[in-house]
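The working numbering applies: residue 801 is where the sequence shown begins, and numbers increase by one. Ideal placement from N, C-alpha and C gives every residue a C-beta, glycine not left out.
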Amino acid sequence: MKLFNLSAVLLAALLAGCSQAGEQNPAPPQPVENSLPTHAQPKLPTMKIFLGTEHDNLFRPVETLYAELALTPMQQETGMMFRTNIQDSDAMLFPLPVTQRASFWMMNCPESISAAYITPDGVIAEIHHLEKNDTNAVLAATDNIRYVLETSDGWFTRHNVAVGMAVRTEKGSLMETFFHNQP
């Protein structure tokens, strides 16, 4: 423990001496909570999306949603924070900048929702319940997620939409629509 304290003191002294002469010390970094959104974002532009089955390159829609599109980093960070009265028809689609192990949390979200983690080829890989105001991240089981679709809590079950189903837009596949087929 003493070694840790001595190391911390030495590190602090080193860092304090790193600013250039005449340079004013910058303000201390703000805690993460201070950089988070403080209110709900306005309704975002929507796009008609279809959820269904694909067999022999033939897509058969089962359900249709008009999903808000969270396209910018700020829109994606804010998501459905602070929204109340989420209706069965409400949805938000997050095209992620790269394929990854998606991780979503519910800080400042007063209502529980459901989220589908979707692969680059537009197939639902996982469906999760996200509990209201839970600050624990819901991490995808795979690192092959490129889109997340948030809906009202239980929507996927109520509408018989399951893992393995495909998601498309009026313009084609999710990859064609949002990334023009670029990986």
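Report the option in the options whose CA atom is closest to the CA atom of residue i.
{"i": "Asp953", "options": "Ser973, Gln982, His928, Ala937", "result": "His928"}
{"i": "Leu930", "options": "Ile918, Lys848, Met906, Val923", "result": "Met906"}
{"i": "Thr846", "options": "Pro837, Asn981, Gln875", "result": "Gln875"}
{"i": "Gly922", "options": "Phe850, Leu836, His839", "result": "Phe850"}
{"i": "Thr942", "options": "Ser914, Arg958, Leu836, Ile918", "result": "Ile918"}
{"i": "Tyr947", "options": "Pro897, Pro837, Thr957", "result": "Pro897"}
{"i": "Pro939", "options": "Phe904, Asn960, Val961", "result": "Checking the displayed sequence, the identity of residue 939 turns out to be Leu instead of Pro. Ranking the options by Cα distance to Leu939, first place goes to Phe904."}
{"i": "His839", "options": "Gln982, Met880, His855", "result": "Met880"}
Would you please state the rounded distance, in angstroms, between the beta carbons of residue i and residue j? I believe it to be under 8 angstroms.
{"i": "Phe978", "j": "Pro895", "result": "4 angstroms"}
{"i": "Glu868", "j": "Leu844", "result": "4 angstroms"}
{"i": "Leu949", "j": "Ala916", "result": "4 angstroms"}
{"i": "Ile945", "j": "Thr899", "result": "7 angstroms"}
{"i": "Asn908", "j": "Phe882", "result": "6 angstroms"}
{"i": "Ile913", "j": "Thr951", "result": "6 angstroms"}
{"i": "Leu893", "j": "Ala870", "result": "7 angstroms"}
State yes or no: is the beta carbon of residue i nearer than 8 angstroms to at least one beta carbon in chain D?
{"i": "Ser912", "result": "No chain D appears in the structure shown, which is made up of a single protein chain."}
Excluding the 5 residues preceding and the 5 following residue i in the sequence, name in chain order all residues of the same chain whose CB lies nearer than 6 angstroms to its CB.
{"i": "Gln841", "result": "Thr878"}
{"i": "Arg860", "result": "Gly852, Thr853"}
{"i": "Ser973", "result": "Gly922"}
{"i": "His959", "result": "Glu863"}
{"i": "Trp955", "result": "Ser914"}
{"i": "Lys802", "result": "Note on Lys802: pLDDT 35, under 50, position unreliable in the model; no value is reported."}
{"i": "Lys848", "result": "Tyr866, Glu970"}
{"i": "Asn981", "result": "Met975"}
Looking only at its own chain, which residues have a Cβ that is under 7 angstroms from the Cβ of residue i, when we skip the five neighbours before and after it?
{"i": "Thr884", "result": "Pro910, Glu911"}
{"i": "Val963", "result": "Ile924, Ala925, Glu926, Ile927"}
Give me, in chain order, the residues of the same chain whose beta-carbon lies closer than 8 angstroms to that of residue i; leave out the 5 immediate sequence neighbours on both sides.
{"i": "Ala827", "result": "Note that Ala827 scores 48 on pLDDT, short of 50, meaning its location in the model is unreliable and no value can be drawn from it."}
For the pair the region 856-870 and the region 883-897, tell me if three or more CB-CB distances fall below 8 angstroms. yes
Quick check: the region 955-969 against the region 928-939, are there 3 or more CB pairs under 8 angstroms? no
Which whole runs of the beta strand (DSSP E) in the region 911-961 are 3 residues long or more, in chain order? Qualifying beta strand (DSSP E) stretches, in chain order: 913-918, 924-930, 945-952.
Enumerate, from N- to C-terminal direction, the unbroken alpha helix (DSSP H) stretches of 4 or more residues contained entirely within the region 854-883. 873-878
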